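Chemist: Provided herewith is a single structure, encoded as structure tokens, for subsequent inquiry.
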Amino acid sequence: MAESGPALHLRSYLQIAWLWIRAAWQYPTSFVLLAVGNGLITALDFVGLWIMFAHLDDLAGFTLPEVALLYGSASLALAVADTAIGSVERIGAYIRTGRLDQMMTKPVPLLVQVCADQFTLRRLGRLTQAAIVFGWACTYVDWTPSRVVVALWMLVSGGLVFFGLFVGFSCVQFWTTDATEFANAFTYGGATVTQYPLTIFPREVLVGLTFVIPVAFVNWYPCLYLLGRSDPTGMPEAFQFASPVAGVLTMAAALLVWRSGVRHYTSTGS
Amino acid sequence: MSLTRSQHEPLIDVRALERTFDVRRRVEGRRRRVRDSVLAVHDLTFTVAAGEMVGYIGPNGAGKSTTIKMLTGILVPTGGQVRVAGLDPSRDRVELARRIGVVFGQRSTLWWDLPLRDSFDLLQKMYRIPPARYRDNLDRFVDLLDLGGQLDTPVRQLSLGQRMRGDITAALLHDPEVLYLDEPTIGLDVVSKGRLREFLRALNDERGTTLLLTTHDLQDIEALCDRVIVIDHGTSVYDGPLAGLHAQGGSSRMLVVDLVDEAPPIEVPGATVRRVEGPRQWLSFPADASAAPVVAAVAASYDVADLSIQEPAIEDVIRELYSRDA
Numbered sequence: 001m002a003e004s005g006p007a008l009h010l011r012s013y014l015q016i017a018w019l020w021i022r023a024a025w026q027y028p029t030s031f032v033l034l035a036v037g038n039g040l041i042t043a044l045d046f047v048g049l050w051i052m053f054a055h056l057d058d059l060a061g062f063t064l065p066e067v068a069l070l071y072g073s074a075s076l077a078l079a080v081a082d083t084a085i086g087s088v089e090r091i092g093a094y095i096r097t098g099r100l101d102q103m104m105t106k107p108v109p110l111l112v113q114v115c116a117d118q119f120t121l122r123r124l125g126r127l128t129q130a131a132i133v134f135g136w137a138c139t140y141v142d143w144t145p146s147r148v149v150v151a152l153w154m155l156v157s158g159g160l161v162f163f164g165l166f167v168g169f170s171c172v173q174f175w176t177t178d179a180t181e182f183a184n185a186f187t188y189g190g191a192t193v194t195q196y197p198l199t200i201f202p203r204e205v206l207v208g209l210t211f212v213i214p215v216a217f218v219n220w221y222p223c224l225y226l227l228g229r230s231d232p233t234g235m236p237e238a239f240q241f242a243s244p245v246a247g248v249l250t251m252a253a254a255l256l257v258w259r260s261g262v263r264h265y266t267s268t269g270s
Numbered sequence: 001m002s003l004t005r006s007q008h009e010p011l012i013d014v015r016a017l018e019r020t021f022d023v024r025r026r027v028e029g030r031r032r033r034v035r036d037s038v039l040a041v042h043d044l045t046f047t048v049a050a051g052e053m054v055g056y057i058g059p060n061g062a063g064k065s066t067t068i069k070m071l072t073g074i075l076v077p078t079g080g081q082v083r084v085a086g087l088d089p090s091r092d093r094v095e096l097a098r099r100i101g102v103v104f105g106q107r108s109t110l111w112w113d114l115p116l117r118d119s120f121d122l123l124q125k126m127y128r129i130p131p132a133r134y135r136d137n138l139d140r141f142v143d144l145l146d147l148g149g150q151l152d153t154p155v156r157q158l159s160l161g162q163r164m165r166g167d168i169t170a171a172l173l174h175d176p177e178v179l180y181l182d183e184p185t186i187g188l189d190v191v192s193k194g195r196l197r198e199f200l201r202a203l204n205d206e207r208g209t210t211l212l213l214t215t216h217d218l219q220d221i222e223a224l225c226d227r228v229i230v231i232d233h234g235t236s237v238y239d240g241p242l243a244g245l246h247a248q249g250g251s252s253r254m255l256v257v258d259l260v261d262e263a264p265p266i267e268v269p270g271a272t273v274r275r276v277e278g279p280r281q282w283l284s285f286p287a288d289a290s291a292a293p294v295v296a297a298v299a300a301s302y303d304v305a306d307l308s309i310q311e312p313a314i315e316d317v318i319r320e321l322y323s324r325d326a
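One line per chain: the protein sequences are D and E, in this order.
Once you know that position 241 of the first sequence is 241 in full-length UniProt numbering, the rest is easy, because the numbers rise by one and skip nothing.
Once you know that position 199 of the second sequence is 199 in full-length UniProt numbering, the rest is easy, because the numbers rise by one and skip nothing.
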């Protein structure tokens with residue numbers, strides 16, 4: 001076979017996603033309104049930060065462009081993960097409606113189908129907003145070749161961490177079918193927390209966000225390096241380069257949970 | 001045929017299959033719910049050879065769907081063995097999917113907002129059906145199932161019958177070796193049911209597609225299946241030809257006698273009168289007994305204008321089978 005596993009899965013993913021984009025175009029007005037609305041809501045999010053800085057010179061020692069870098073990178077990673085695989089959090093609904101059973105009889109891995117199902121570019125608004133904030137904040141960074149590398153892998157690893165959190169926590173629904181809110185607390189909740197310098201939280205929170213829900217690796221540690229700051233919390237300096245490890249570990253753990261979830265799946269009646 | 005599977009090996013091989021579900025239930029006077037294990041399927045054994053058309057019937061909750069879900073790899077068995085086309089369904093689910101077709105009558109596999117054609121096109125890509133083969137199959141099924149006018153209609157606008165035909169086409173585009181149909185005629189009108197049965201029979205004749213059909217509509221079974229497996233309380237209670245169900249069920253046949261004149265209830269050995277209506281009388285006798293002695297005895301003692309024998313309705317036979325087992 002010419003194509004290997006991952007390339008084939010990606011192609012299946014794109015084929016399904018493309019079908020959903022075409023489906024969304026059956027209602028173009030609604031699509032545009034949703035995308036714009038989504039962009040506006042997330043824009044207001046950042047405006048909030050902006051207003052805060054109109055009254056403060058810094059937040060826990062971080063200036064507005066520095067907070068914008070944290071905010072932009074976390075939002076960007078979340079938006080990419082959310083756009084690519086956000087439907088996975090609907091798995092409880094798929095179980096209840098029997099759609100998951102349908103998917104399980106198709107020759108494409110279940111996770112690929114679940115992630116691509118109902119693919120929507122509606123979150124393009126959030127993605128654009130995050131990209132703009134990140135781009136603006138980048139103009140304040142003193143770039144060196146190694147910082148460019150760290151910035152790139154920060155975005156990729158951040159995407160992987162959120163991918164893992166989305167998938168991992170959505171799996172809870174294999175055991176109790178209505179746990180979307182529970183999952184959201186860790187995914188969107190984790191993203192919200194990382195939009196601020198983590199020094200504003202008690203140390204226990206930082207430890208949790210490093211070792212339990214590793215969102216600190218999405219932006220906090222690598223951004224410290226990009227900004228040339230020493231870690232005010234005294235965590236090992238190596239953490240600033242450990243984002244890819246965190247990304248891969250989170251994703252691997254999520255895939256294990258997923259497999260176990262699928263094997264425990266008990267379907268619904270008839 | 002693949003090398004791993006000989007011609008003699010059955011296409012579907014189920015041995016001592018078992019599936020339990022954990023359910024929690026509330027118990028009076030206790031705060032915590034009690035965990036219970038329910039046997040949905042147990043000690044189920046059967047095989048299906050390639051090309052067979054088998055009816056898989058049983059009352060609600062008997063374990064029909066659970067069996068189908070284990071055969072397709074959706075559910076992992078908790079005991080026993082199941083192999084389909086030489087594969088272990090739950091372990092090789094994705095690979096097996098290429099070789100089977102599944103139609104869940106009450107749930108569509110089609111994409112709601114898109115024209116039928118788009119759903120079919122995506123399936124071609126998912127199953128990687130060669131384009132020429134895909135075009136041939138699509139043309140043929142669309143023609144046979146009379147879907148030509150609906151290809152560009154969004155699925156949500158299709159009638160139930162059209163949608164079902166669309167779902168069946170979707171399940172067959174990749175030439176599956178076995179087709180599982182779960183209540184395929186549910187909600188369809190008589191004409192649509194007839195056409196669908198005709199189509200399925202032709203499919204089996206021409207392509208040798210193996211068919212496993214679960215249904216509540218026994219006419220489906222009578223029209224299509226040479227063999228039925230009856231499942232009740234999670235295990236097989238009958239496996240054999242449809243005709244043999246009568247004997248198994250301990251049901252009775254009915255002799256309808258038209259006498260020349262009205263008469264008191266007929267008294268002959270081996271039969272009892274169930275109903276009298278003017279000169280017509282209904283006598284029942286065991287379905288596995290011969291009708292000849294009864295007919296002879298009646299003709300010997302009465303002036304008979306006409307005689308006919310009614311076979312028991314399969315519904316009654318199966319109801320009998322279930323109730324005996326309960």
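By construction, the Cβ of each residue, glycine as well, lies at the ideal position given by its N, Cα and C atoms.
Being a predicted model, the structure only gives us computed values, none of them experimental.
1. D:S75 by DSSP, collapsed to three states: which one?
2. Scan the segment 81-101 of chain D for residues whose Cβ lies nearer than 9 Å to a Cβ of chain E and list them as they occur along the chain.
3. Is D:S270 close to chain E? Criterion is C-beta to C-beta, closer than 8 Å.
4. Using a Cβ-Cβ cut-off of less than 8 Å, list which residues of the segment 85-98 of chain E approach chain D; keep chain order.
5. Hey, residue 400 of chain E and E:R253: beta-carbon distance below 8 Å or not?
6. Can you tell me whether E:N60 is buried or exposed, with buried defined as 16 or more other CB within 10 angstroms of its CB?
7. Could you round the C-beta distance between D:F186 and D:I85 to whole angstroms and report it? I think they count as a contact, below 8 Å.
8. Residues of chain D with CB under 7 Å from E:W111, in chain order?
9. Hey, is E:R274's beta-carbon within less than 8 Å of any beta-carbon in chain D?
10. Just to confirm the assignment, what range does the alpha helix (DSSP H) spanning D:H55 have?
11. Going along chain B, which residues have a C-beta under 9 Å from D:I16?
12. Among D:L44, D:A43 and D:V67, which has the Cα closest to the Cα of D:F53?
13. Could you tell me if D:F174 is buried or exposed, where buried requires 16 or more neighbouring beta carbons within 10 angstroms of its beta carbon?
14. Is the segment 147-157 of chain E touching the segment 193-213 of chain E, taking contact as three or more C-beta pairs under 8 Å?
15. Put D:G247 into one of helix, strand or coil per three-state DSSP.
16. Taking E:W282 as part of the beta strand (DSSP E), name the residues at either end of that continuous run.
17. Span of the beta strand (DSSP E) holding E:D205?
18. How would you list, in chain order, the residues of chain D whose beta-carbon sits under 9 Å from the beta-carbon of E:D118?
19. Can you find the residues in the same chain that come closer than 7 Å, C-beta to C-beta, to E:A170, ignoring five residues on each side of it along the sequence?
20. Does any CB atom of chain E fall closer than 8 Å to the CB of D:I41?
21. Does E:I309 pass the burial test, meaning 16 or more other C-beta atoms within 10 Å, or should it be called exposed?
22. Do D:P214 and D:V161 come within 8 Å of each other at the CB atom, strictly closer than that value?
23. State the DSSP-derived secondary structure class of E:D182, mapped to helix, strand or coil.
24. Assuming contact is defined by CB atoms lying nearer than 8 Å, are E:V48 and E:L17 in contact in what I supplied?
25. Under 8 Å between C-beta atoms, does D:V114 make it to chain E?
26. Can you tell me the Cβ-Cβ gap for E:P265 and E:V273, rounded? I've got them flagged as a contact below 8 Å.
27. Comparing alpha-carbon positions, which option in E:I318, E:L203 and E:V191 lies nearest E:L245?
28. Considering only C-alpha positions, which residue in the set D:G135, D:N38 and D:F46 is nearest to D:L155?
29. Taking the beta strand (DSSP E) that E:G61 falls in, what are its first and last residues?
30. Flag this pair as touching only if the segment 187-205 of chain D and the segment 248-257 of chain D have three or more C-beta atom pairs under 8 Å; answer yes or no.
31. Rounded to a whole number of angstroms, what is the C-alpha to C-alpha distance between D:S73 and D:V80?
32. Note down, in chain order, all residues in the segment 105-135 of chain D with a beta-carbon under 7 Å from any beta-carbon belonging to chain E.
33. With burial defined as no fewer than 16 other Cβ atoms inside 10 Å of the residue's Cβ, what is the status of E:D316: buried or exposed?
34. Is the beta carbon of D:V88 closer than 8 Å to that of D:M103?
35. Here's the rule I'm using: 16 or more other beta-carbon atoms within 10 Å means buried, otherwise exposed. How should E:H174 be labelled?
36. Is DSSP giving E:I212 helix, strand or coil here?
Modeler: Taking the geometry as given:
1. D:S75 falls in the helix class under three-state DSSP.
2. Close to chain E, meaning a Cβ-Cβ distance shorter than 9 Å, are the following residues of the segment 81-101 of chain D: T97, G98, R99, L100 and D101.
3. Caution applies to D:S270, whose pLDDT of 44 falls short of 50 and renders its modelled position unreliable; the model cannot decide the point.
4. The segment 85-98 of chain E vs chain D, Cβ under 8 Å: S90, R93, V94, E95, A97 and R98.
5. Residue 400 of chain E lies beyond the residue range present for chain E, which begins at 1 and ends at 326; the question has no answer from this structure.
6. When all chains shown are included, E:N60 counts as exposed.
7. Incorrect: roughly 15 Å between the Cβ atoms, too far for contact.
8. Residues of chain D passing the Cβ test: L19 and A23.
9. By this cut-off, E:R274 is not an interface position.
10. Residues P28 to H55.
11. Looking for chain B here will not work: the only protein chains present are D and E.
12. Residue D:V67 is the option with its Cα nearest to D:F53.
13. Buried.
14. Short answer: they don't touch.
15. Three-state result, D:G247: helix.
16. R280 to P286 is the span of the beta strand (DSSP E), which, as asked, contains E:W282.
17. No beta strand (DSSP E) contains E:D205, which is instead part of the alpha helix (DSSP H) from V190 to R207.
18. The contacting residues are L19, R22 and A23.
19. So the list reads T109, L110, S119, F120 and L123, once near-sequence residues are dropped.
20. By this cut-off, D:I41 is not an interface position.
21. With fewer than 16 other Cβ atoms from the protein chains shown falling within 10 Å of its own Cβ, E:I309 counts as exposed.
22. With contacts defined by Cβ atoms closer than 8 Å, D:V161 and D:P214 form a contacting pair.
23. Note: E:D182 maps to strand in three-state DSSP.
24. In this structure, E:L17 does not lie closer than 8 Å to E:V48 by Cβ.
25. So, not an interface residue.
26. That belief holds up - the Cβ atoms of E:P265 and E:V273 are roughly 4 Å apart, short of 8 Å.
27. Taking only the C-alpha atoms, the option nearest E:L245 is E:I318.
28. When each option's Cα is compared against that of D:L155, the closest is D:G135.
29. In the DSSP annotation of this structure, E:G61 is not part of any beta strand (DSSP E), being labelled neither H nor E.
30. The answer is no - the segment 248-257 of chain D does not touch the segment 187-205 of chain D, with fewer than three Cβ pairs under 8 Å.
31. If you take the alpha carbons of D:S73 and D:V80, they lie about 11 Å apart.
32. Of all residues in the segment 105-135 of chain D, only T105, K106, P107, V108 and P109 come within less than 7 Å of chain E when Cβ atoms are compared, listed by chain position.
33. By the 10 Å Cβ count, E:D316 comes out exposed.
34. Note that the C-beta distance between D:M103 and D:V88 is not below 8 Å.
35. Result: buried.
36. With the sequence shown as reference, residue 212 of chain E is identified as Leu, and Ile is not the correct amino acid for it. Three-state DSSP puts E:L212 in a strand.
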